Amino acid sequence: MSLDDADHLLSNAQDAEYVASCIVAWASRYVTPGALAAAARSFQDGGTQPPADASRAATGTPASQAAASPAGATSGESAASSAPFASPATRDALDVPTIPFDPNLPAGTVRLTELNHRFLRGIQAGRHTWLADEPVRMGGSDLGPDPYALLLSSLGACTSMTIRMYANRKGMKLDDVVVDLVHRRETLPAGSTGSAESSSTAGAASHGSTQTEDVFERQITLKGELSDAERQRLLEIADKCPVHKTLTGRIRITTQLVG
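So this note's numbering is basically just the index in the sequence shown, starting at one, shifted up by 1.
Below you can see the structure in the form of structure tokens.
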């Protein structure tokens with residue numbers, strides 16, 4: 002396969018797409034449509050062995066060869082059947098509908114489209130596409146993060162970027178920053194309006210007669226040769242990231258029917 006002037010990192014998007022299409026064409030010989038989906042569901046439901054088609058997908062045995070061989074005839078299939086099969090990244094890979102892509106989507110617009118009549122959604126922002134879903138226990142297929150995980154990832158990404166930008170600007174020896182986030186709801190005592198940060202934004206919501214507050218717990222790990230003063234300053238900077246300010250500021254959501 003000739004890559005002409007492509008570099009080793011495939012930094013050009015057209016080169017990367019060409020290589021990806023070649024890989025897909027090659028892999029299509031070795032996987033029966035639906036095999037990964039069936040194997041993932043079997044493994045997720047507690048099965049100890051994936052279906053025969055899944056073993057073929059895992060071992061790289063061409064479909065024609067596998068069809069001509071008795072079940073368990075190859076050592077590769079036997080080895081595959083005893084190992085965990087589908088990772089979350091490849092689960093149901095062949096059954097995922099194509100995410101609609103609009104090259105004329107206005108800049109700054111994020112579009113969500115249905116990929117099935119349950120919870121699987123395609124997301125487009127600029128030239129980027131990804132999936133949102135719900136866990137299997139909630140009736141989804143677990144092919145992407147759920148909406149709250151996406152919200153947490155927005156806050157975490159913004160936090161990490163803001164800390165890095167400040168550390169670079171100040172010449173701090175920050176080697177790495179890791180941000181872990183958890184979302185939960187807490188029931189407030191009677192008469193409480195929530196934390197000082199959320200009270201100005203109606204962060205305390207009423208569910209019937211019970212007052213609850215959404216809590217975003219953020220844990221930050223800073224790695225590098227940093228003084229105590231620098232670490233404290235970077236912790237303060239975390240609260241200044243734009244997404245943090247949006248979530249704790251005044252928010253207005255407008256909705257209109259356009260079709």
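A virtual CB, placed ideally from N, CA and C, is assigned to each residue, including glycine. Here the structure is a predicted model, which means the values were calculated and not measured.
- In the three-state scheme derived from DSSP, where H, G and I count as helix and E and B as strand, Q125 is classed as strand.
- The beta-bridge partner set that DSSP reports for L223 consists of V178.
- It is roughly 10 Å from the alpha-carbon of D229 to the alpha-carbon of L235.
- With contacts defined as CB atoms closer than 8 Å, V244 and L156 qualify as a contacting pair.
- Residues T213, E214, V216 of the same chain have their beta carbon placed closer than 7 Å to that of E187, with the five preceding and five following residues left out of the count.
- A residue is called buried when at least 16 other Cβ atoms come within 10 angstroms of its Cβ; G260 does not meet this threshold and is exposed.
- Here the region 242 to 258 makes no contact with the region 170 to 186; the two share fewer than three CB pairs at distances below 8 Å.
- The DSSP-derived three-state label of H184 is strand.
- If you look at R232, you'll find it in the alpha helix (DSSP H) that goes 229 to 239.
- R119 sits away from L132, with the two beta carbons spaced by 8 Å or more.
- Going by beta carbons, G225 and D181 fall outside the 8 Å limit.
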